[in-house]
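Note that our numbering has the sequence shown beginning at 972, numbered continuously upward. Have a look at the structure below, then the notes.
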Amino acid sequence: MTASASRILGEPQASQRRPGSGRPRDPDVDRRAFEAARQLYGESGKSQVTFTNVAARAGIGKPALYRRWETPQELLMDALRAIPLPADIQDLGDAQAELAAYTRGLMRLYVSPDGAAMMRIITEFHDETEPFRKWITEISDGMIAHAAAVIERAVDRGEAVPRLTPRMIMEILTGTMLSHIVTRLHAGQLPPEGEVAEYCWELAGLVLGRCESPSSRLSAGIALERRPPPTGRREQLIRIAQQVVAQRGLADVTLAHVAESAGMTAPALYTHFSSRTDLLEHVVEATARDYAEDMRVTDDAEASVEHRLRIRLSRWATTPSGRLRVIHDAVLHMPDSPKIKLATRRARRAWTDFVVDVLTRGIAREEVRPDVDVQTATDLLTTSLFGVEVGTDTGLVEESLHALSDQLVDMFLAYVRSPNP
């Protein structure tokens, strides 16, 4: 952990404390002193953070403060560093879910007992005291680094990302969130938990440009997934759960996992879904629809056999939501669900129709041998695909899914290709 990160996390700097002597110090004294200092600072500013005032507010003796800090300013700096700011932004598999959860954590902090101190920090950004100004700069730099990490992960997953810089993203998130809080607090109200979750989700979508349907773009010849934004909260939760299932596996996913990624409580999910099974069935149904629709809009029926197969298997290997893995997981762990069976048939039919069409057109164009049994070849490619997926997921092979998909296309072409294409 870097020195800057340590300060952002709130670890006090030992150089600011007086060396202890005699009896071991009571850590509760530090906690009470910190709380009192932050309360006084939030209420009246730095001028009121004196040893006398802190001792009176905390119910401790002034000698205890003199033994620990040389000046009230050092006490205040340690108290502010102890505020539990988010250390990072957790990887939740989706940039909007990550930024929403981070913003929600900040909003909770600003309506906590330390909120007034946090508000005053913002209003005193012009403070000329070097330690104070340096600390604010470190917090700001850390938050920008958090946003940069979110965007980097989103790019790796193939998500649509905004043109905004990480600094602008964090400025919009924090500035808008603070304006919302100030408005509500001035009205004498704390934002309800449900409103907080919904507000943070929409705010994260705003900075990511997901309020409008993003246009698709090509990357390395592969059309990466660009899903139109969900139209309602229920659909948004299904999409979040889809990412969680792809990451954890369907068998291990709980409502608590999905709720955490969505920035809400598990009981709140029951306002949208009757049970865990209900949610997972919707996830698999949405995944099967996505899979069939993706095949429809990205396949070029007039392209060569090789081109169509490479594009399809490349998308299978790189699509962020891991559609086939979600569907295969459902077959293994929820085989008796009628909705799962229907969704599975839909996905299987889309895939089978695609391969049959590729081979049939290939035979007509003399790219594929005329004696190839189309159904047998389709079954062969399907089972090989599933085997590659299992081998990758279980660690039996070291190569990436994308590299293996290319090799699988090579082998299949060698099996079906006409000697004189």
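Glycine residues also receive a C-beta, built at the ideal position from the N, C-alpha and C atoms.
Would you kindly report the start and end of the unbroken alpha helix (DSSP H) that includes residue i?
i: L1063; result: Segment: none, L1063 is in no alpha helix (DSSP H) and carries neither H nor E.
i: P1034; result: 1033-1039
i: R1219; result: 1204-1219
i: L1179; result: No alpha helix (DSSP H) holds L1179; DSSP gives it neither H nor E.
i: R1052; result: 1043-1052
i: P1029; result: In the sequence under discussion, the amino acid at residue 1029 is Ala, which differs from the Pro named in the question. Note, A1029: alpha helix (DSSP H), 1022-1029.
How about residue i and residue j: do their beta carbons lie closer than 9 Å?
i: V957; j: V1339; result: Missing from the structure shown is residue 957; the chain here goes from 972 to 1392 and no further.
i: A935; j: G1013; result: The question about residue 935 has no answer here: the residues shown for the chain are numbered 972 through 1392.
i: A1288; j: S1232; result: no
i: L1226; j: A1217; result: no
i: Y1073; j: V1121; result: yes
i: G1176; j: Q1067; result: yes
i: A1212; j: V1167; result: no
i: H1117; j: P1057; result: yes
i: V1329; j: R1279; result: yes
i: M1266; j: R1283; result: yes
i: D1059; j: R1124; result: no
i: R1332; j: A1272; result: yes
i: P1084; j: R1009; result: yes
i: G1030; j: Q1214; result: no
i: L1174; j: L1149; result: no
i: P1137; j: A1119; result: yes
i: V1082; j: Q1044; result: no
i: L1036; j: L1047; result: no
i: D1337; j: S1389; result: Going by the sequence as given, residue 1337 is Glu instead of Asp. Closer than 9 Å, so yes.
What is the C-beta distance between residue i and residue j, in whole angstroms, given that I count them as a contact (C-beta under 8 Å)?
i: M1078; j: C1171; result: 7 Å
i: R1028; j: A1007; result: 4 Å
i: L1352; j: V1326; result: 6 Å
i: L1251; j: L1221; result: 6 Å
i: S1285; j: H1373; result: 7 Å
i: T1023; j: K1033; result: 7 Å
i: L1384; j: E1277; result: 6 Å
i: E1169; j: R1128; result: In fact, because the Cβ distance is near 24 Å, the residues do not count as touching under 8 Å.
i: I1107; j: I1092; result: 7 Å
i: T1323; j: T1349; result: 6 Å
message: To test your reading of the DSSP string, which unbroken alpha helix (DSSP H) runs of 4 or more residues are found completely within the stretch 1227-1313?
response: Here the runs fully enclosed are 1237-1240, 1247-1269, 1276-1289, 1294-1304.
message: If contact is defined by three or more beta carbon pairs under 8 Å, each pair taking one atom from either stretch, is the stretch 998-1007 in contact with the stretch 1048-1060?
response: A contact exists between the stretch 1048-1060 and the stretch 998-1007.
- prompt: On the three-pair Cβ rule with 8 Å, is the stretch 1251-1264 touching the stretch 1307-1319?
  reply: Between the stretch 1251-1264 and the stretch 1307-1319 there are three or more C-beta pairs closer than 8 Å, enough to call the two in contact.
field: Three-pair Cβ contact test at 8 Å for the stretch 1231-1246 versus the stretch 1203-1213
entry: Yes: at least three Cβ pairs fall under 8 Å.
Alpha helix (DSSP H) runs contained entirely in the stretch 1091-1150, provided each spans 4 or more residues: Runs of the alpha helix (DSSP H) inside the stretch 1091-1150: 1101-1128.
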